[in-house]
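Protein chains in written order, with this note's numbering: chain F, 1 to 256; chain D, 1001 to 1260. Every residue, glycine too, gets a C-beta built ideally from N, C-alpha and C. Below is one structure, written out as structure tokens, with a few remarks after it.
Structure follows, in structure tokens:
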């Protein structure tokens, strides 16, 4: 049976990515460990993404609050606004929006960087100089993306809640202490923990897709552009798929 | 077939008996699907010798050099580098051999995100980990002096001209003091004057560091300056093997066309 080209490409890509992920796990825990490069990547991937994540988080919190206010007023539940925004940000909007911003910034930059290294033979140069390029380039980046996204999500959530506090005070008057008391009273560990855990999977997906696309880049500069673009598209799609699976699992364990 | 064998026989160089072998390739085959790139290819490189592999574009020269360094796996045949068969080596052992073999890429393959200093320090940090910072700086300055580009130490590769990038790539190749250097089209894309400078530099540094070299090229001027011996790669085989003068004076049509 001959499959249509689209399906064949899809299966090729899925198989390739699965093998690449398998290779990651087989190499990640074996010495030699590239610890200093991992720290450098954490700085680039984590610290340098902070301004973008912070700004989008702030705007998201502020806009969400201002958009929700009229509806909450119409239900006579204006006082519940901080609690509702807090739950929405911590459980869903914060992790997913931050992960999507992260996919756009980090996924594309990893895809383009490794892609251009591939087409200009820099990866080969690393290999012939006796350095394992998979460990040095892929393992460090995937690890850094996996460990940095949860940190960014926590910081993004905090800035987002601050944005929400500003949003509440544009049309009303609520003290800082009261706002955050209402937010934290409404939140429980079950709201925070599953949302936090899924961000590790989001980070891993962004890292592995970016590295896979970059590492398998070809056809010169056009291929580099395509790697960067498809890194963002595929990792964004994976973020939604992981989110969908996460909500089912959370529901299964009765954490809703 | 008979004619090809005769040419090989006629041009076979007189190697010094007992001279130590640096690299030996025997009965090498490599194909990509139906495209048979290397067919029973043989080559020997003695210590201190520079051998040029001359062939048309797409004749398999780069495939050959990538098989030697282990970036491509040959279908059949053996490659012995510095007394070790590379197909028998573990990844760790292969890496160890690779530190004794330098590779100058056609595209230079300098790391874009690193300065010249970081590019040169990279192999040192990976393999000569016991060096102190002062020793590392000294080593970097020494190779940069050898290629005449000390002033570029804190520049990025993107800020350098093509010829300068080639020199820095050469400096990076030399920094671990390899015993064999593989040059992949060292003068391609350079103007004739810079090409000549690079060829002279290859000779100078080869003598200074006492390296053996395989130079892949179709630039006959570069080959004339740098090679002790030329191997012609035609139709996937070692078609002819001899000195520049011997090949230049040969009447075979396939050999002659490179010297016209």
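request  = Go ahead and pull the three-state DSSP assignment for residue 247 of chain F.
outcome  = Secondary structure of residue 247 of chain F (DSSP, three-state): helix.
inquiry  = Bridge partners for residue 1242 of chain D per DSSP, in chain order?
reply    = In the DSSP output, where bridge partners are listed per residue, residue 1242 of chain D has D:1230.
query = Taking a cut of 9 angstroms between CB atoms, which residues from the region 1070-1089 of chain D lie near chain F?
reply = Flagged, chain order: 1070, 1071.
message = Quick check on residue 1037 of chain D: does DSSP put it in helix, strand or coil?
response = Residue state for residue 1037 of chain D is assigned as strand, using DSSP reduced to three classes.
ask   = With burial defined as no fewer than 16 other Cβ atoms inside 10 Å of the residue's Cβ, what is the status of residue 121 of chain F: buried or exposed?
value = So residue 121 of chain F ends up on the buried side.
task = Taking a Cβ distance cut-off of 7 angstroms, strictly less, list which residues of the region 126-159 of chain F are near chain D, in chain order.
result = If the cut-off is 7 angstroms between Cβ atoms, the region 126-159 of chain F has 127, 128, 129, 130, 131 near chain D.
key: Bounding residues of the beta strand (DSSP E) (the contiguous stretch that carries residue 1119 of chain D)   = That residue, residue 1119 of chain D, is in no beta strand (DSSP E); its alpha helix (DSSP H) goes 1116-1127.
key: Residue closest to residue 1193 of chain D, alpha-carbon to alpha-carbon, out of D:1115, D:1240, D:1181, D:1219   = Residue 1193 of chain D has its Cα closest to that of D:1219, out of D:1115, D:1240, D:1181, D:1219.
inquiry  = Given this structure, state the Cα-to-Cα distance separating residue 181 of chain F from residue 158 of chain F, to the nearest angstrom.
reply    = Each residue's Cα considered, the two are about 14 angstroms apart.
Cross-chain neighbours of residue 124 of chain F in chain B, by beta carbon under 9 angstroms = Absent from the structure is chain B; the protein chains it does hold are F and D.
query = What residue does the alpha helix (DSSP H) around residue 1155 of chain D start on, and which one ends it?
reply = Element bounds for residue 1155 of chain D: n/a, residue is neither H nor E.
query = When the Cα atoms are used, what is the spatial distance from residue 34 of chain F to residue 154 of chain F?
reply = Between residue 34 of chain F and residue 154 of chain F, the C-alpha separation is close to 26 angstroms.
inquiry  = So, for residue 230 of chain F: in the same chain, excluding its five sequence neighbours on each side, which residues have a beta-carbon less than 6 angstroms away from its beta-carbon?
reply    = Taking C-beta separations shorter than 6 angstroms and ignoring five residues to either side along the sequence, the partners of residue 230 of chain F in its chain run 213, following chain order.
message = Can you tell me where the alpha helix (DSSP H) holding residue 998 of chain D begins and where it ends?
response = Residue 998 of chain D is absent from the model: chain D starts at 1001 and stops at 1260.
query = residue 1105 of chain D and residue 1191 of chain D: beta carbons closer than 8 angstroms?
reply = For residue 1105 of chain D and residue 1191 of chain D, no; Cβs fall outside 8 angstroms.
ask   = In this structure, does DSSP put residue 1026 of chain D in helix, strand or coil?
value = Strand, per DSSP.
request  = Quick one: measure Cβ to Cβ for residue 87 of chain F and residue 186 of chain F, integer angstroms, because I've assumed they're closer than 8 angstroms.
outcome  = Their Cβ separation, rounded to whole angstroms, is 6 angstroms, which keeps residue 87 of chain F and residue 186 of chain F in contact under 8 angstroms.
ask   = Which residue's Cα is closest to the Cα of residue 1098 of chain D: D:1164, D:1137, D:1176?
value = Nearest C-alpha to residue 1098 of chain D: D:1176.
inquiry  = Looking only at its chain, what residues have a beta carbon closer than 8 angstroms to the beta carbon of residue 1072 of chain D, apart from the 5 residues adjacent to it on each side?
reply    = Contacts found: 1030, 1063, 1066.
query = CA-CA distance, residue 225 of chain F and residue 147 of chain F?
reply = Rounded to whole angstroms, residue 225 of chain F to residue 147 of chain F spans 27 angstroms at the Cα level.
key: Proximity to residue 80 of chain F [Cα-Cα], best of F:132, F:179, F:210   = Residue F:179 is the option with its Cα nearest to residue 80 of chain F.
key: Proximal residues of chain F, C-beta to C-beta of residue 1095 of chain D below 7 angstroms   = Result: 130.
Paired residues, beta bridge with residue 1050 of chain D - DSSP = BP columns for residue 1050 of chain D point to D:1213.
Inter-residue spacing [alpha-carbon to alpha-carbon] between residue 1164 of chain D and residue 1149 of chain D = As the crow flies, the alpha-carbon of residue 1164 of chain D is around 8 angstroms from that of residue 1149 of chain D.
ask   = For residue 1080 of chain D, which residues does DSSP report across the bridge?
value = Partner(s): D:1024, D:1085.
inquiry  = Distance cutoff 8 angstroms, beta carbons only. Does residue 78 of chain F sit that close to anything in chain D?
reply    = False, the Cβ-Cβ gap to chain D never drops below 8 angstroms.
message = Judging by CA-CA distance, which residue of F:128, F:104, F:142 is the nearest neighbour of residue 29 of chain F?
response = Comparing Cα-Cα distances from residue 29 of chain F to each of F:128, F:104, F:142, the minimum goes to F:142.
task = Verify whether the separation of the beta carbon atoms of residue 104 of chain F and residue 1095 of chain D is less than 8 angstroms.
result = No.
task = Residues of the region 209-230 of chain F with a CB closer than 7 angstroms to any CB of chain D: list them in chain order, please.
result = Here the close residues number zero.
task = Grab the span of the alpha helix (DSSP H) containing residue 1058 of chain D for me, first residue to last.
result = First-last for residue 1058 of chain D: undefined, no H or E at that position.
inquiry  = Tell me which residues of the region 1020-1048 of chain D have at least one Cβ-Cβ distance to chain F shorter than 8 angstroms, keeping chain order.
reply    = Of all residues in the region 1020-1048 of chain D, none has a Cβ within less than 8 angstroms of some Cβ in chain F.
For residue 1181 of chain D: DSSP bridge partner residues = In the DSSP output, where bridge partners are listed per residue, residue 1181 of chain D has D:1102, D:1213.
request  = Closer than 6 angstroms by C-beta to residue 126 of chain F: which residues in its own chain qualify, once you throw out the five before and the five after it? Chain order, please.
outcome  = Hits under 6 angstroms: 133.
request  = Label residue 144 of chain F either buried or exposed according to how many other C-beta atoms from any shown protein chain fall within 10 Å of its C-beta, with 16 as the threshold for buried.
outcome  = Counting the other Cβ atoms within 10 Å of the Cβ of residue 144 of chain F gives 16 or more, which makes it buried.
task = Establish whether the CB of residue 120 of chain F and some CB of chain D are separated by less than 8 angstroms.
result = Answer yes: the Cβ-Cβ gap between residue 120 of chain F and chain D drops below 8 angstroms somewhere.
inquiry  = Quick check: the region 1116-1127 of chain D against the region 1197-1217 of chain D, are at least 3 beta-carbon pairs closer than 8 angstroms?
reply    = Because the criterion of three Cβ pairs below 8 angstroms is not met, the region 1197-1217 of chain D and the region 1116-1127 of chain D do not touch.
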